[in-house]
Amino acid sequence: MRYFLYCRKSTEAEDRQILSIDSQEAELLRATSNWLDVQNVEVLQELQSAKAPGRPIFNRMLERIEKGEADGIVAWHPDRLARNSVDGGRVIYLLDRGVCKDLKFATFSFENNSQGKFMLSIIFGYSKYYVDSLSENVKRGNRAKVGRGWRPGRAPAGYKNCKDTRTIVPDAEHLPIIKELFALALTGGYTVKELYRKARNEWGYRTPTRKRSGGRPLALSSVYKILANPFYTGDFLYHGKLYPGKHQPIISLGEFALLQQWLGRPGTAKPQRYRFPFTGMIRCGACNLMVTAEHKANRYGSRYIYYHCTKRNTGERCPEPSVEARQLERQIQGFLQSLTIHQGLHEWLTTEALHLERDGNDKEIIRRSVQGAIQDLGKQEGVLLDLRIRELIGDSAFTKRREALQLEQAALRERQQKLDEENDWFEPAESLISFSNMAVKWFRDGADEIRRLILQTVGSNLILRDKILSIEAVKPFSTACSGGAILQRCGFVNDVRTMFAVRDASLLRILANIKRIRELVGEQSGPNPQAPSEASSHCGGRVPRSGRDG
Numbered sequence: 122m123r124y125f126l127y128c129r130k131s132t133e134a135e136d137r138q139i140l141s142i143d144s145q146e147a148e149l150l151r152a153t154s155n156w157l158d159v160q161n162v163e164v165l166q167e168l169q170s171a172k173a174p175g176r177p178i179f180n181r182m183l184e185r186i187e188k189g190e191a192d193g194i195v196a197w198h199p200d201r202l203a204r205n206s207v208d209g210g211r212v213i214y215l216l217d218r219g220v221c222k223d224l225k226f227a228t229f230s231f232e233n234n235s236q237g238k239f240m241l242s243i244i245f246g247y248s249k250y251y252v253d254s255l256s257e258n259v260k261r262g263n264r265a266k267v268g269r270g271w272r273p274g275r276a277p278a279g280y281k282n283c284k285d286t287r288t289i290v291p292d293a294e295h296l297p298i299i300k301e302l303f304a305l306a307l308t309g310g311y312t313v314k315e316l317y318r319k320a321r322n323e324w325g326y327r328t329p330t331r332k333r334s335g336g337r338p339l340a341l342s343s344v345y346k347i348l349a350n351p352f353y354t355g356d357f358l359y360h361g362k363l364y365p366g367k368h369q370p371i372i373s374l375g376e377f378a379l380l381q382q383w384l385g386r387p388g389t390a391k392p393q394r395y396r397f398p399f400t401g402m403i404r405c406g407a408c409n410l411m412v413t414a415e416h417k418a419n420r421y422g423s424r425y426i427y428y429h430c431t432k433r434n435t436g437e438r439c440p441e442p443s444v445e446a447r448q449l450e451r452q453i454q455g456f457l458q459s460l461t462i463h464q465g466l467h468e469w470l471t472t473e474a475l476h477l478e479r480d481g482n483d484k485e486i487i488r489r490s491v492q493g494a495i496q497d498l499g500k501q502e503g504v505l506l507d508l509r510i511r512e513l514i515g516d517s518a519f520t521k522r523r524e525a526l527q528l529e530q531a532a533l534r535e536r537q538q539k540l541d542e543e544n545d546w547f548e549p550a551e552s553l554i555s556f557s558n559m560a561v562k563w564f565r566d567g568a569d570e571i572r573r574l575i576l577q578t579v580g581s582n583l584i585l586r587d588k589i590l591s592i593e594a595v596k597p598f599s600t601a602c603s604g605g606a607i608l609q610r611c612g613f614v615n616d617v618r619t620m621f622a623v624r625d626a627s628l629l630r631i632l633a634n635i636k637r638i639r640e641l642v643g644e645q646s647g648p649n650p651q652a653p654s655e656a657s658s659h660c661g662g663r664v665p666r667s668g669r670d671g
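Note that my numbering has the sequence shown beginning at 122, numbered continuously upward.
1) Taking the alpha-carbon positions, what's the Cys408 to Trp324 distance?
2) In this structure, does DSSP put Pro442 in helix, strand or coil?
3) What are the start and end residues of the beta strand (DSSP E) that includes Gly727?
4) So which of Asn155, Gln169, Ser154 has the shortest CA-CA distance to Arg129?
5) Going by DSSP in three states, Gln411 sits in which element: helix, strand or coil?
6) Three or more C-beta pairs under 8 Å: does that hold for the segment 526-537 against the segment 490-501?
7) Where DSSP assigns a beta bridge to Gln739, which residues make up the other side?
8) Over the uninterrupted beta strand (DSSP E) stretch that includes Ser591, give me the two end residues.
9) Considering Pro291, what are the terminal residues of the beta strand (DSSP E) in which it resides?
10) Starting from Cys283, follow its DSSP beta bridges and name the residues at the other end.
11) Please report how far the alpha carbon of Ala173 lies from the alpha carbon of Ala320, in whole angstroms.
12) Who does Cys405 pair with in a DSSP beta bridge?
13) Might you give, ordered along the chain, the residues of its own chain that have their beta carbon closer than 6 Å to the beta carbon of Ala414, omitting 5 neighbours on each side?
14) Please report the distance separating the alpha-carbon of Glu167 from that of Leu241.
15) Alpha carbon to alpha carbon, what distance is there between Arg331 and Tyr127?
16) Using a 10 Å radius around the Cβ and a threshold of 16 neighbouring Cβ atoms, would you call Thr354 buried or exposed?
17) If we call anything under 8 Å between Cβ atoms a contact, is Gly237 one with Phe245?
18) Within this structure, are the beta carbons of Val290 and Lys284 separated by less than 8 Å?
19) So the candidates are Tyr311, Thr153, Asp507, Lys521; which of them puts its Cα closest to the Cα of Leu574?
20) To which residues does DSSP link Gln166 through a beta bridge?
21) Find out if the Cβ-Cβ distance for the pair Thr431, Val412 is shorter than 8 Å.
22) Taking buried to mean at least 16 other C-beta atoms within 10 Å of its own C-beta, is Ile607 buried or exposed?
23) If you drop the 5 nearest sequence neighbours on each side, which residues of the same chain put their C-beta closer than 6 Å to that of Ile631?
24) With a 10 Å radius around its C-beta and 16 neighbouring C-beta atoms as the bar for buried, classify Arg261 as buried or exposed.
25) Taking buried to mean at least 16 other C-beta atoms within 10 Å of its own C-beta, is Arg176 buried or exposed?
26) Quick one: give me the first and last residue of the beta strand (DSSP E) that Val220 is part of.
27) Between Val207 and the rest of its own chain, which residues show a CB-CB distance below 7 Å, the 5 nearest in sequence each way excluded?
28) Ile178 lies in the alpha helix (DSSP H); which residues open and close that run?
29) What does DSSP give as the partner residue(s) for Arg327 in the beta ladder?
30) From Thr328, Leu316, Glu644, pick the residue whose C-alpha is nearest to that of Pro338; which is it?
31) Using CA atoms only, rank isn't needed, just tell me which of Lys188, Leu590, Glu148, Arg201 is closest to Leu449.
32) Helix, strand or coil for Ser493? Go by DSSP, reduced to three states.
33) Where Tyr250 and Asn205 are concerned, what is the direct C-alpha to C-alpha distance, given to the nearest angstrom?
34) Which same chain residues, not among the five before or five after Asn233, have their C-beta less than 8 Å away from its C-beta?
35) Pick from Val491, Arg522, Ser517, Gly193: whose alpha carbon is nearest that of Leu505?
36) Does Ile571 come out as helix, strand or coil in the three-state DSSP assignment?
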């Protein structure tokens, strides 16, 4: 008799404990070696679930049996052939008609008679029950998981599934890059393709390596999916519904809404043929709808830009009057003027820079000393291990001394890290001060893209009421304009230190915005757009750094 040796394994949970395809084949050949002639066997392998009809290799196998190309099937177990009533019924019907003359299984004894077919139908029925029961259990477990605030399934880019707690935690290797991706996207200064090229070529992002996938560059479609995924706000989609999550978010809901508008997602404002600089950023103080803009011409033919509530576009009346763009720009310039860093803080940072340079050599000596002490402790630990191997000291003494050495090493490494990071905040503070003192000039002389980006960088919660634009300054600019020189100095510096120490996402986004603004100003104005000599008299220029580029 001629046989098909059919091996199947599903990648789903139903077959988690089943032998691999190759193992099934080897075991079947070994189990049937005493009666099966390998010359009359054709091996068929399939990687697909059997819980629903439609397996192409299985279907072709049955068709070939009906054509007389084989007389029977050899499989590991009946559930390899069918876990659904349709496929199980087809196999039994072929036996009833005598088209399929025999079935052989390594783990189940089958005889082609009425009792054998009855038992086979029971096994097929049990296999279907197992799949249905497993599916219900999985669905019930997923519903419970959603209720606890955790998204079922594989974690999105930047996160990973924790097997121990069955939760989703940040991926320390990939999440910083995803944060940077969102930070640059929120500046509005990059296209999705530019972000894709940065992630792929500049940052070298590779997808997490898994058993059968991963380790590949990020695809352009994946960048779109990441930017459109509400998971990064702290919520998650499950079966089309949005649920609150317990995982760590990296952007706010407001920022996500702006991103969706920028991407042109369904349910958000569509891109305009003419882009006004401040649309999509300001809300109406009367009805809380977004403020839009349009061109208007007077009777003399002069054209003006007016901003007004979008409620008018629906045919309803809004009490908030429209405001001319130049009036709005003057108010924004006044707000930017209030962010100008006090001259006293500028002078203090200059003095601090000189002190840092003067103390640099001493700190380098301390840093080398700490590094030497860490290496010395490592050598002591090696000697201690050697003594234990030679049984010159006991377990108790070895453990006690090793723990003491490791504690010393941990303390020294913490000290080393503090030395390395002690002055990291200075560069961001310097960049923020330089930006705040140039913002008015850049806004006044810049193109619409620069103006929009400047306002996004320093302001939030923009409300237009009675033709007056209310803007809240974001940290650390909110403390930079809060009052007297001493309060300003302490508040601003403490904010920058704290935010940079924890790599605050909002601060990183601000710094990325500033970098992009400088690039755009450079493209518009030529080289060295922010040179101190061009700064207005209230600025004081960029803080000088001895031994560094200004």
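All C-beta atoms, glycine included, are put in the ideal place defined by N, C-alpha and C.
Short version:
1) Near 43 Å, if we compare the C-alpha coordinates of Trp324 and Cys408.
2) Secondary structure of Pro442 (DSSP, three-state): coil.
3) In the structure as shown, the chain begins at 122 and stops at 671. Residue 727 is therefore absent and cannot be evaluated.
4) The shortest C-alpha to C-alpha distance from Arg129 to any of Asn155, Gln169, Ser154 is the one to Gln169.
5) For the sequence presented, residue 411 should be read as Met rather than Gln. DSSP places Met411 in strand when its eight states are reduced to three.
6) Touching, yes, given that three or more Cβ pairs across the two stretches are closer than 8 Å.
7) The question about residue 739 has no answer here: the residues shown for the chain are numbered 122 through 671.
8) According to the DSSP assignment, Ser591 belongs to the beta strand (DSSP E) that extends over 589-594.
9) Note, Pro291: beta strand (DSSP E), 288-291.
10) Looking at the DSSP output, Cys283 bridges to Thr288.
11) Note on geometry: alpha-carbon atoms of Ala173 and Ala320 lie some 40 Å from one another.
12) In the DSSP output, where bridge partners are listed per residue, Cys405 has Leu585.
13) Once the five neighbours on either side are set aside, the close Cβ partners of Ala414 are Phe397, Thr400, Ile426, Tyr428.
14) Taking the straight line joining both Cα atoms gives about 21 Å.
15) Using only the alpha carbons, I get a separation of about 28 Å.
16) Thr354 should be labelled buried.
17) Not in contact: Gly237 and Phe245 (Cβ atoms no closer than 8 Å).
18) For Val290 and Lys284, no; Cβs fall outside 8 Å.
19) Considering only Tyr311, Thr153, Asp507, Lys521, the residue with the shortest C-alpha distance to Leu574 is Tyr311.
20) Beta-bridge pairing links Gln166 to Cys128.
21) Less than 8 Å separates the beta-carbon of Thr431 from that of Val412.
22) The predicted model places Ile607 with a pLDDT of 40, which falls under 50 and marks its position as unreliable, so this point remains unresolved.
23) Short of 6 Å from the beta carbon of Ile631, and not among the five residues preceding or following it, lie these beta carbons of its own chain, in chain order: Thr578.
24) Exposed, by the Cβ-count rule.
25) Looking at its Cβ environment, which holds 16 or more other Cβ atoms inside 10 Å, Arg176 is buried.
26) Unbroken run through Val220: none, as it is neither H nor E.
27) Within the same chain, Val207 has close Cβ partners Pro174.
28) Segment 177-187, the alpha helix (DSSP H) holding Ile178.
29) For Arg327, which the question treats as bridged, DSSP gives the partners Pro338.
30) The shortest C-alpha to C-alpha distance from Pro338 to any of Thr328, Leu316, Glu644 is the one to Thr328.
31) Looking at the Cα atoms, Leu590 is the closest of the given residues.
32) The identity of residue 493 in the sequence shown is Gly, whereas the question assumes Ser. Residue state for Gly493 is assigned as helix, using DSSP reduced to three classes.
33) Tyr250 and Asn205: Cα-Cα distance of roughly 9 Å.
34) Residues of the same chain with a CB within less than 8 Å of the CB of Asn233, apart from the 5 flanking positions on each side, are Leu216, Lys222, Asp223, Leu224 in chain order.
35) Ranking Val491, Arg522, Ser517, Gly193 by Cα distance to Leu505 puts Arg522 first.
36) Residue state, collapsed to three classes: helix.
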